[in-house]
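K.L.:
Protein chains in written order, with my numbering: chain H, -13 to 174; chain X, 12 to 514; chain U, 15 to 342. The structure under discussion is supplied below as structure tokens; questions concerning it will follow.
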Amino acid sequence: MPQRSLFAMSQTDLEIVVEDPTAPEDDSPAIVSSGTIEIVVSLLLLALAATLGYDNWRTGISWDATGPEPGYFPFYLAIILGGASLYGLIAALIARRAAAATFVTRAQARRVMAVFVPTLLFCLVMQFLGLYVASFLLIAGFMRLIGKIALWKSLLTAFLFTAIMFVTFDIAFDVIMPKGPLEAAFGY
Amino acid sequence: MEAFGLLVHGFAVLLTGKTLVLMMVGLVLGVFVGVLPGLGGPNGVAILLPLTFTMDPTSAIVMLSCIYWGALFGGAITSILFNIPGEAWSVATTFDGYPMAQQGRAAEALTAAFTSSFIGSLVAVLLITFLAPMISSFALKFGPPEFFAVYLLTFCSFVGLGREAKHKTVISMSLGLLLAGVGMDTVSGQLRMTFGSAELLRGINFLVAVIGLFGISEILLTMEERLALRGHAASISLRVVLSVWKDLPKYWVTLVRSSFIGCWLGITPGGAIAASFMGYNLAKRFAKDPESFGKGRIEGVFAPETAAHASGTSALLPMLALGIPGSGTAAILLGGLMVWGLNPGPLLFVEHKDFVWGLIASMYLGNVVGLALVLTTVPIFASILRVPFAAVAPMIVVSCAIGAYAIQNAMFDIWLMLGFGVVGYVFKKIGIPLAPFTLALVLGNRAEDAFRLSMIGSAGDLRVFWSNGLVGSITTLAIVLLFWPMIERLVGRIGQLRRPVKA
Amino acid sequence: MRIPVKAVGAATALLLSAPAFAGWEPTKPVEIVVAAGAGGASDQMARMMQAAIQKNNLMKQPMVVSLKGGASGAEALMYMKSSEGDPNKVLIAYSLIYMLPLSAKIPFNWRELTPVSVIALDQFVLWDNSAGPKTVKEFVEAAKAASSPFKMGGTGSKREDHVLTVFLEQKTGAKFSYLPYKSGGEAATQLVGNHTESNVNNPSENLEVWRAGQVRPLCVFDKERISYTSKVTETQSWADVPTCKEEGVDVQYLMLRAMFLPGKVTPEQQAFYVELFQKVTQTPEYKEYMEKQALKPIFLTGKDMVKFLEEDEALNKSLMTEAGFVAK
Chain H
-13 MPQRSLFAMS QTDLEIVVED PTAPEDDSPA IVSSGTIEIV VSLLLLALAA
37 TLGYDNWRTG ISWDATGPEP GYFPFYLAII LGGASLYGLI AALIARRAAA
87 ATFVTRAQAR RVMAVFVPTL LFCLVMQFLG LYVASFLLIA GFMRLIGKIA
137 LWKSLLTAFL FTAIMFVTFD IAFDVIMPKG PLEAAFGY
Chain X
12 MEAFGLLVHG FAVLLTGKTL VLMMVGLVLG VFVGVLPGLG GPNGVAILLP
62 LTFTMDPTSA IVMLSCIYWG ALFGGAITSI LFNIPGEAWS VATTFDGYPM
112 AQQGRAAEAL TAAFTSSFIG SLVAVLLITF LAPMISSFAL KFGPPEFFAV
162 YLLTFCSFVG LGREAKHKTV ISMSLGLLLA GVGMDTVSGQ LRMTFGSAEL
212 LRGINFLVAV IGLFGISEIL LTMEERLALR GHAASISLRV VLSVWKDLPK
262 YWVTLVRSSF IGCWLGITPG GAIAASFMGY NLAKRFAKDP ESFGKGRIEG
312 VFAPETAAHA SGTSALLPML ALGIPGSGTA AILLGGLMVW GLNPGPLLFV
362 EHKDFVWGLI ASMYLGNVVG LALVLTTVPI FASILRVPFA AVAPMIVVSC
412 AIGAYAIQNA MFDIWLMLGF GVVGYVFKKI GIPLAPFTLA LVLGNRAEDA
462 FRLSMIGSAG DLRVFWSNGL VGSITTLAIV LLFWPMIERL VGRIGQLRRP
512 VKA
Chain U
15 MRIPVKAVGA ATALLLSAPA FAGWEPTKPV EIVVAAGAGG ASDQMARMMQ
65 AAIQKNNLMK QPMVVSLKGG ASGAEALMYM KSSEGDPNKV LIAYSLIYML
115 PLSAKIPFNW RELTPVSVIA LDQFVLWDNS AGPKTVKEFV EAAKAASSPF
165 KMGGTGSKRE DHVLTVFLEQ KTGAKFSYLP YKSGGEAATQ LVGNHTESNV
215 NNPSENLEVW RAGQVRPLCV FDKERISYTS KVTETQSWAD VPTCKEEGVD
265 VQYLMLRAMF LPGKVTPEQQ AFYVELFQKV TQTPEYKEYM EKQALKPIFL
315 TGKDMVKFLE EDEALNKSLM TEAGFVAK
């Protein structure tokens, strides 16, 4: 047994506490059940399997003198994928009547969308304004609007993070990132 | 003592100022990503990979593996202080680690965790050091049929031994194999599944998919949960460290047992998660007073941490030696090797000695330096958790985007990453495992090429996969593993028939 | 059949006297786009040029190597094609610019890019395992006598190595099974491990294993021997390797290494790069590299280059058609 008394430190004090004011409530109603999502995913995978299977069938799926043609493997893989998805579809349809596990609650969905939508906008803005401007906007906007953090803190953090990324990648390591009009104005 | 000479050579490669700086940077970044919620080992390595693109391969792998060690150490910090396992394999560490912290013994628990991680990794690295020269001796025996047999073994063992619903493993794996085939087929030089798109021409990059599947989807999943946390702060004094170390010899059975379990599960694709639970459960079973586990017993920290790290480290051996990743992070390192133009597999030990032995030497150094680093800087890293998630989340998104773009300088990959993020989120929630998908995506092309080259060589004769002892035994083993659940049931039934049921 | 090799023009002299253009200079880091994987011949060459330019201060902006080897290099071609008007990207091209559009119907034509200069020609050598036949004659006889066809390793499908294999078959009457590996390095180690009987690697790809005494060069596919006479192994230099014609197999093929800018760049921008690569070819780094890799020196630009490209394209096209590699 280790001699506990020798180095018992400042006892059971909780010293780091971080609150989460916008946490999803536990009793939020479910939007959709896992079973439904499983059915949708199975259908999508079936469609994908059919499309890829058809394309490979066009490419050639026979076995010629030097072994299989380029479409051979992907074609049979598409069939395996289709089969497994079909099995999943049937299993989900049967299980549906029994239990309805929650896929996502309304409160959870709201939070997930709170990250997903800004991420989507970020990707979109990057096409036009370049990565650095887009990431400044994303970080500052997210911290301010979703995290409810003070404006000056948000702007400063976003600026510092973006600047560090720029120096690290574009200057120190020569990894070139997409840029927009702002960088062009500074000659990059 | 061939291994020793090569290892000394490895240290010589490593001991330059630049490499040492990269090691430190890697370790700090690693602990950082290990501590941050929503990141962790594989994601951290995937996101930081682009940093290494312009480096030479040896510096690059040294930095990446140090990020990995750092992330492993970092995971222990959050498990013990906050009861938040950063990784699935840290779950077992929370069982006794968090109670210890609650009793005010956080420093003791942390020291135990770091020390046992160090011991576990060290045992695994020793194993790699002495097995590696043997690999290079049979490296040249590997032609296309042998390679295919090894890939087949990996795929079959996933389907046969996986614990998820079989059809979900099959969906995940066949989808990965299909997507791996998009683009140009190297054997015939023909395009397939590109639907005339210039963007799909180059295929779907493994790393882009991984960044989306793990990085973006992890953020979405993290947001679903309550992010409030309460934890203990701790700083480690030298006195605590020394007193824990003084007691180490008492626990040698646990340490040896866990190291062995870890190495075994790391080399066979069992993984660190299984290893940590097995290490913990066995320690509990063999203890005189099993009921004291879960209430803050130091052995309950030693056992899972040693096993997890032994397994995480030894998983690199099959990755280097056969080109088969034993863990998610190993798969990403494998993707990195390909970016740097190295072909993982037995030939790596012949063609790139500097690289392999530099990496092995860096495992020793990285662990020693890492141990010293985390022991001294825990309070700083623990306070990272004070940073609100609303600030961390967008930064992770930006890092993911940088990572995804830098791999091929393609804007299309940003959208691909986002798409895979959604796919990863949905798949995780409905229980489709992602590991077979990533494995298939990274190995798919190589497996198919190996098969077709074997066929060209043998003029379409499948018997080539049983044409010599080496390839024959691997192929047979693969097929046995694929049907393992059925075989197990069959054996069980025969056993039942022989001895009548007792009561 | 004979595969002619074009005479090398003396365009070099023309350029030396070209006035220094004060006009255009890159203001951003310049990307060298490599149409192959890391570690291959193109990548090595790009890194050599990067080092030569940096060490000799030939350009103010840094040079970045950008690997675009996806889809057997088609990725790089499409990338260059879509970068119209961007003077900060240079492609280091080889014969794929003719072959890929034919074999895989990639919508690409080198005329859509701006030619800068041809900087080297790469040789092909017939290699076998050092335990195998010692001369071309013995090799051909062994290949004919073998019960199953000899395995020929190479890089990629329907490309240089594959074309050469087909012509070797036509010339000798022996049968080969062509195994397309991912890289020349892999083809080399597979030959060492006796999984293939031979390969047609470039000198640089087999250099290390030749020096280790594991493979033997049988002949070089050129009308004259390689000019480098310093010893590579204990006993042999590149110049000691006979030509295939000397050995009675009249097959010749050389592959260009050339630099291209994207389409629609200004003449000033083009001139800057012509001058830059002209200077590169005079650096000690370049010369050392050429000898180490046994590359054939050449420097063509302007009209000479276009003429060379047109003839080379016609030649490659006829070879591909004859070999049956043109996609319908």
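We treat Cβ as the ideally placed atom computed from N, Cα and C, and that holds for glycine.
(1) As an exercise, report each continuous alpha helix (DSSP H) stretch of at least 4 residues that is fully enclosed by the segment 316 to 403 of chain X, in chain order.
(2) Indicate whether G528 of chain X and G347 of chain X have their beta-carbon atoms separated by less than 8 angstroms.
(3) May I ask you to verify whether the segment 166 to 180 of chain U touches the segment 290 to 308 of chain U, counting CB pairs closer than 8 angstroms and requiring at least 3?
(4) At what residue ranges does the segment 55 to 112 of chain H contain a whole run of the beta strand (DSSP E), taking only runs of 3 or more?
(5) Taking the alpha helix (DSSP H) that R250 of chain X falls in, what are its first and last residues?
(6) Helix, strand or coil: which one does DSSP assign to W141 of chain U?
(7) So, does the segment 106 to 113 of chain H touch the segment 237 to 247 of chain X, judging by three or more C-beta pairs under 8 angstroms?
(8) Along the segment 188 to 217 of chain X, what residues have a CB closer than 7 angstroms to any CB found in chain U?
(9) Could you check whether the Cβ of V340 of chain U sits closer than 8 angstroms to any Cβ belonging to chain H?
(10) Listed from N- to C-terminal order along the chain, which residues in the segment 68 to 80 of chain U have their beta-carbon within a distance smaller than 7 angstroms of any beta-carbon of chain H?
(11) What are the residues in the segment 155 to 169 of chain H lying within 7 angstroms of chain U by C-beta distance?
(12) Tell me the DSSP secondary structure of F35 of chain U in three-state form.
(13) Using beta-carbon positions only, say whether I230 of chain X and M428 of chain X come within less than 8 angstroms of one another.
(14) Which of the three DSSP states, helix, strand or coil, is assigned to R203 of chain X?
(15) Which chain X residues sit within Cβ distance under 9 angstroms of A64 of chain H?
(16) Is it buried or exposed for S96 of chain U, if we count other Cβ within 10 angstroms and need 16 for buried?
(17) Would you call the segment 252 to 260 of chain X and the segment 449 to 460 of chain X in contact, with 3 or more CB pairs under 8 angstroms?
(18) So that I know if they touch, is there some Cβ in chain X lying closer than 8 angstroms to that of A33 of chain H?
(19) In this structure, does DSSP put C258 of chain U in helix, strand or coil?
(20) Would V42 of chain X and I247 of chain X be called neighbours here (beta carbons separated by less than 8 angstroms)?
(21) Looking at the strands, I want to know which residues DSSP matches up with I2 of chain H.
(22) What residue range is occupied by the uninterrupted beta strand (DSSP E) comprising R230 of chain U?
(23) How many angstroms separate the CA atom of V408 of chain X from the CA atom of P164 of chain H?
(24) Check the DSSP bridge columns for I106 of chain U and list the partner residues they point to.
(25) In the structure shown, what three-state DSSP assignment does F190 of chain U receive?
(26) With DSSP as the reference, identify every bridge partner of K165 of chain H, one or two as the case may be.
(27) Throw me the rounded Cβ distance for the R344 of chain U and D175 of chain U pair, which I believe falls under 8 angstroms.
(28) Tell me where the alpha helix (DSSP H) around A285 of chain X begins and ends.
(29) At a Cβ threshold of 8 angstroms, is F89 of chain H touching chain X?
(30) Would P43 of chain U count as contacting chain H if we go by Cβ distances under 8 angstroms?
(31) Can the beta-carbon of R116 of chain X be found less than 8 angstroms from the beta-carbon of G334 of chain X?
(32) By the DSSP assignment, the alpha helix (DSSP H) with S20 of chain H in it spans what residues?
(33) Would you say N420 of chain X faces chain U, with C-beta separation under 8 angstroms as the test?
(34) Run down chain U in chain order and give the residues with a C-beta less than 7 angstroms from the C-beta of I78 of chain X.
(35) Starting from M166 of chain U, trace the beta strand (DSSP E) both ways and give me its first and last residue.
(36) Where L60 of chain X and V180 of chain U are concerned, what is the direct C-alpha to C-alpha distance, given to the nearest angstrom?
P.N.:
Considering the structure as presented:
(1) You should have 327 to 333, 339 to 350, 359 to 362, 364 to 393.
(2) In this structure chain X extends from 12 to 514, so residue 528 of chain X is not present and cannot be described.
(3) Under the three-pair Cβ rule at 8 angstroms, the segment 166 to 180 of chain U does not count as touching the segment 290 to 308 of chain U.
(4) The qualifying runs are 88 to 91.
(5) By 1-based counting over the second sequence, the position of residue 250 of chain X is 239. Going by DSSP, R250 of chain X is part of the alpha helix (DSSP H) stretching over 249 to 258.
(6) Position 127 of the third sequence, counted from the first residue, corresponds to residue 141 of chain U. Reduced to three states, the DSSP call for W141 of chain U is strand.
(7) Output reads no: the segment 237 to 247 of chain X does not touch the segment 106 to 113 of chain H.
(8) Using a CB distance below 7 angstroms, the part of the segment 188 to 217 of chain X facing chain U consists of G194, M195, T197, V198, S199, G200, Q201, L202, A209, L212, R213, G214, ordered along the chain.
(9) Residue numbering aside, residue 340 of chain U sits at position 326 when the third sequence is read from its first letter. No, no contact with chain H.
(10) Residues of the segment 68 to 80 of chain U with a Cβ closer than 7 angstroms to any Cβ of chain H, in chain order: P76, V78.
(11) Only those residues of the segment 155 to 169 of chain H whose C-beta falls short of 7 angstroms from the nearest C-beta of chain U are listed: D160, I162.
(12) Here the question's residue 35 of chain U lines up with position 21 in the third sequence. Bear in mind that the predicted position of F35 of chain U carries a pLDDT of just 47, short of 50, making it too unreliable to give a figure here.
(13) Locating residue 230 of chain X in the second sequence gives position 219, where the first residue counts as 1. Locating residue 428 of chain X in the second sequence gives position 417, where the first residue counts as 1. By the CB criterion at 8 angstroms, I230 of chain X and M428 of chain X fall outside the cutoff.
(14) If you number the second sequence from 1, residue 203 of chain X lands on position 192. It is a strand residue.
(15) Within the first sequence, the letter at position 78 stands for residue 64 of chain H. Think of a sphere of 9 angstroms around the beta carbon of A64 of chain H: the chain X residues whose beta carbon falls inside it are S185, L189, in chain order.
(16) Taking the first residue of the third sequence as position 1, residue 96 of chain U is located at position 82. Label assigned to S96 of chain U: exposed.
(17) Look at the beta carbons and you see the segment 252 to 260 of chain X not touching the segment 449 to 460 of chain X: under three pairs across the two are nearer than 8 angstroms.
(18) By one-based count along the first sequence, residue 33 of chain H stands at place 47. By this cut-off, A33 of chain H is not an interface position.
(19) In the third sequence, the residue the question calls residue 258 of chain U occupies position 244. If DSSP states are grouped into helix, strand and coil, C258 of chain U belongs with coil.
(20) Looking up residue 42 of chain X in the second sequence gives position 31. Looking up residue 247 of chain X in the second sequence gives position 236. The answer is no: Cβ separation not under 8 angstroms.
(21) Position 16 of the first sequence, counted from the first residue, corresponds to residue 2 of chain H. Answer is X:G242.
(22) The residue you call residue 230 of chain U lines up with position 216 of the third sequence. Looking at the DSSP string, the run of the beta strand (DSSP E) that includes R230 of chain U is 229 to 234.
(23) Stepping through the second sequence from its first residue, residue 408 of chain X is reached at position 397. Stepping through the first sequence from its first residue, residue 164 of chain H is reached at position 178. Cα to Cα, V408 of chain X sits roughly 16 angstroms from P164 of chain H.
(24) If you number the third sequence from 1, residue 106 of chain U lands on position 92. Answer by DSSP bridge pairing, in chain order: U:V48, U:M273.
(25) Locating residue 190 of chain U in the third sequence gives position 176, counting from the first residue. Three-state DSSP puts F190 of chain U in a strand.
(26) Here the question's residue 165 of chain H lines up with position 179 in the first sequence. Looking at the DSSP output, K165 of chain H bridges to H:G116.
(27) Here chain U covers residues 15 to 342 and nothing more, so residue 344 of chain U does not appear.
(28) The residue labelled residue 285 of chain X in the question sits at position 274 within the second sequence. Where A285 of chain X is concerned, the enclosing alpha helix (DSSP H) starts and stops at 283 to 297.
(29) Here residue 89 of chain H refers to the residue found at position 103 of the first sequence. With 8 angstroms as the cut-off, F89 of chain H counts as an interface residue toward chain X.
(30) Here residue 43 of chain U is taken as the residue at index 29 of the third sequence, counted from 1. Residue contact check for P43 of chain U against chain H: a CB pair falls below 8 angstroms.
(31) Locating residue 116 of chain X in the second sequence gives position 105, counting from the first residue. Locating residue 334 of chain X in the second sequence gives position 323, counting from the first residue. Contact: no.
(32) Within the first sequence, residue 20 of chain H is the residue found at index 34, counting from 1. Taken as a continuous stretch (DSSP letters only), the alpha helix (DSSP H) holding S20 of chain H covers 20 to 45.
(33) Taking the first residue of the second sequence as position 1, residue 420 of chain X is located at position 409. Yes, N420 of chain X lies at the interface with chain U (some Cβ there is under 8 angstroms from its Cβ).
(34) Working through the second sequence from its first residue, we reach residue 78 of chain X at position 67. Those within 7 angstroms of I78 of chain X in chain U number zero; the least Cβ separation is about 21 angstroms.
(35) Here residue 166 of chain U is taken as the residue at index 152 of the third sequence, counted from 1. Annotation for M166 of chain U: the continuous beta strand (DSSP E) segment containing it runs 164 to 169.
(36) On the second sequence, position 49 is the one that residue 60 of chain X refers to. On the third sequence, position 166 is the one that residue 180 of chain U refers to. Cα-Cα distance, rounded: 42 angstroms.
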